[in-house]
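Q: Following UniProt numbering, the numbering of the sequence shown begins with 1 at its first residue and continues without gaps.
Glycine included, C-beta positions come from ideal geometry on N, C-alpha and C.
For clarity, every value in this text was computed on a predicted model and none was experimentally measured.
The structure under discussion is supplied below as structure tokens; questions concerning it will follow.
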Amino acid sequence: MITIKEVAHHAGVSMSTVSYVLSGKRSISEETKRRVEQSIVALGYHPNAGARALASNRSQVLGLVVPLRSDHNMPVIMQFVSSIVASARDFDYDVLLLTKEAGPGEAHRIVARSMADAIVMMDVESADPRVPELRALDAPVVLLGMPDDHEGLSCVDLDFAAAGKQMVNHLADLGHRSIALIGSHPSVYDRGTSYAARLLDGFQSAASKRNLSASVHSCAPGYDSVAACLDDVLRPDRGTTGLVVHNEAILGQLLLDLRRRSLDVPTDLSVITLCPDDLAESLAVPLTSMAVPAQELGAIAVEMAMARLGQELAPEVRLLQPRLTERGSTTAL
């Protein structure tokens with residue numbers, strides 16, 4: 001392994017000069033700086049992470065808080081994680097993945113122990129108990145999600161309320177008068193998860209505005225759970241003709257069960273969903289969908305956190321507008 005001493009010898013300077021070039025703590029002439037940088041490239045030197053942290057008072061680590069729960073759809077979660085890791089590497093940062101449930105005090109512990117310079121937090125609740133702590137934290141924090149009380153916090157997310165409204169309006173514009181929302185696992189609503197609550201609010205407000213008959217059903221994954229959910233959704237007295245599905249984990253099973261019931265999509269039942277594009281395209285029946293832009297959201301969260309390192313930037317909230325892609329799973333009545 002190449003050492004700083006070897007770089008200094010190759011460049012014809014002292015070890016302290018190389019250190020100052022790496023840390024930027026002292027002004028070095030452009031000629032000397034160029035010579036040191038050329039030696040670093042020529043020798044393939046990589047600064048030791050610990051030494052770099054001491055020199056800069058930074059750990060070069062981004063903390064990612066993402067509790068792994070049984071009601072999470074792991075393939076979608078991993079799209080967010082992979083985007084955050086890749087984006088952090090663009091800033092020469094590593095990612096510390098914290099997967100246990102993080103209550104109040106966890107973010108302070110991470111920062112106080114110099115485990116991370118900034119934090120991105122997922123799995124945000126509408127009434128998130130961590131909000132007071134996050135406001136007082138002496139480090140950048142970006143929420144991938146948006147609590148109801150987000151004053152003073154930086155957040156980025158999909159506009160789930162707008163997504164719920166647009167999916168309802170899409171079905172209403174096609175003439176559907178009785179629709180249903182098949183939503184997330186019951187525990188997601190019990191926990192007060194922000195994204196689920198906001199989509200539900202958008203769904204209900206749009207259905208009311210369009211004078212639609214609308215029912216709401218939470219659904220756990222698994223054959224029996226999906227079958228029982230559809231038994232309720234498709235009760236004859238409901239007359240349901242359009243489904244909004246906000247539950248990636250059940251989409252495959254739902255389509256199989258509709259086929260078992262001899263129901264054709266979209267002839268007998270129109271279906272629109274919120275999920276990543278690659279999932280919507282790969283199903284037995286490609287579904288018209290609102291995209292979950294996991295790659296874009298993860299990259300923006302990292303950029304917002306990095307921009308706030310060492311700078312007093314005002315908190316900001318970025319809600320990405322949903323994008324509808326039609327794939328033929330909805331039709332006019």
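What three-state label does DSSP hand A49 in the structure shown?
A: With a pLDDT of only 49 at A49, under the threshold of 50, the placement of this residue in the model should not be trusted; the figure read from the coordinates follows. It is helical.
Q: Taking DSSP as the reference, what is the three-state secondary structure of A127?
A: Here A127 sits in coil by DSSP.
Q: Whose C-alpha, out of A161, S178, D224 and Y195, is nearest the C-alpha of F203?
A: With distances taken between Cα atoms, F203 lies closest to A161.
Q: What are the residues that DSSP puts in a beta bridge with V244?
A: Paired residues: L181 and I272.
Q: I'd like to check one pair, F80 with G328: are the Cβ atoms closer than 7 Å?
A: No, these two residues do not count as a Cβ contact at 7 Å.
Q: How long is the line joining the alpha carbons of L144 and V124, rounded to whole angstroms?
A: So the alpha carbons of these two residues sit roughly 7 Å apart.
Q: Which term fits T325, buried or exposed, when burial requires 16 or more other beta carbons within 10 angstroms of its beta carbon?
A: The residue in question, T325, is exposed, as its Cβ has fewer than 16 Cβ neighbours within 10 Å.
Q: Tell me the DSSP secondary structure of A196 in three-state form.
A: The answer is helix: DSSP assigns A196 an H, G or I state.
Q: If you drop the 5 nearest sequence neighbours on each side, which residues of the same chain put their C-beta closer than 7 Å to that of V285?
A: Excluding positions up to five away in sequence, the list reads L255, V265 and S329.
Q: Can you say whether Q166 is buried or exposed, counting buried as having 16 or more other CB atoms within 10 angstroms of its CB?
A: Buried is the call here.
Q: What is the DSSP secondary structure of L333, counted as helix, strand or coil?
A: Coil.
Q: Using the Cβ count rule (16 or more neighbours within 10 Å means buried), how would you classify G242?
A: Burial call: buried.
Q: Are the CB atoms of V216 and L181 nearer to each other than 7 Å?
A: Cβ distance < 7 Å, so V216 and L181 count as in contact.
Q: For P140 versus R308, is the C-beta spacing smaller than 7 Å?
A: In this structure, R308 lies closer than 7 Å to P140 by Cβ.
Q: Excluding the five sequence neighbours on either side, which residues of its own chain have a C-beta within less than 8 Å of the C-beta of I2, listed in chain order?
A: Hits under 8 Å: L43, G44, Y45 and H46.
Q: Starting from L96 and walking both ways along the beta strand (DSSP E), at which residues does that stretch end?
A: D94 to L98 is the extent of the beta strand (DSSP E) around L96.
Q: Below 7 Å CB to CB, which residues in the same chain sit around A197 once its five sequence neighbours on both sides are set aside?
A: Closer than 7 Å at the Cβ level, and outside the excluded window around A197, lie S126.
Q: Where does L254 sit, in a helix, a strand or coil, going by DSSP?
A: It is helical.
Q: Is it buried or exposed for R89, if we count other Cβ within 10 angstroms and need 16 for buried?
A: With fewer than 16 other Cβ atoms within 10 Å, it is exposed.
Q: Would you kindly check if the distance between the Cβ of L230 and the Cβ of D268 is under 7 Å?
A: No, the pair does not count as a contact, with Cβ atoms beyond the cut-off.
Q: Tell me the DSSP bridge mates of T288?
A: Answer is I272.
Q: Using only alpha-carbon positions, find the residue among E296, M306 and L279 that is nearest to Q321.
A: It is E296.
Q: Let me check understanding here. Comparing Cα to Cα, which of L64, S82, E151 and S208 lies closest to I119?
A: For the residues L64, S82, E151 and S208, the minimum Cα distance to I119 belongs to L64.
Q: Report the option in D224, S289, A228 and R261 whose CA atom is closest to the CA atom of V245.
A: For V245, the nearest C-alpha among the options comes from S289.
Q: Report the rounded CA-to-CA distance for A53 versus S270, giving the unit in angstroms.
A: Residue placement at A53 is flagged as unreliable, the pLDDT there being 47, under the threshold of 50; a coordinate-derived value is accordingly withheld.
Q: Express the C-alpha separation of Q253 and H176 in angstroms, rounding to a whole number.
A: Looking at the two C-alpha atoms, the distance is approximately 24 Å.
Q: Ordered along the chain, which non-local residues of its own chain (more than five positions away) have a Cβ less than 6 Å from that of A249?
A: Result list for A249: N73 and P221, in chain order.
Q: Rounding to the nearest angstrom, what Cα-Cα distance links A136 and Y93 in this structure?
A: Roughly 24 Å separates the two Cα atoms.
Q: When the Cα of L234 is compared with those of D148, A214 and D149, which residue comes out closest?
A: Of D148, A214 and D149, the residue nearest in Cα terms is A214.
Q: Can you name the start and end residues of the beta strand (DSSP E) that C155 belongs to?
A: Its beta strand (DSSP E) spans residues S154 to L158.
Q: Express the C-alpha separation of S218 and D117 in angstroms, rounding to a whole number.
A: Taking the straight line from one Cα to the other gives about 38 Å.
Q: What is the rounded straight-line gap between the Cα of P186 and the Cα of D232?
A: C-alpha separation (whole angstroms): 15 Å.
Q: Residues in the same chain with beta-carbon distance under 8 Å from T240, minus the five sequence neighbours each way, listed in chain order, please.
A: Cβ within range, chain order: S178, I179, A180, S215, V233, L234 and L269.
Q: Hey, would you say A294 sits closer than 7 Å to L287, going by beta carbons?
A: No; because the gap between Cβ atoms is not below 7 Å, this pair is not in contact.
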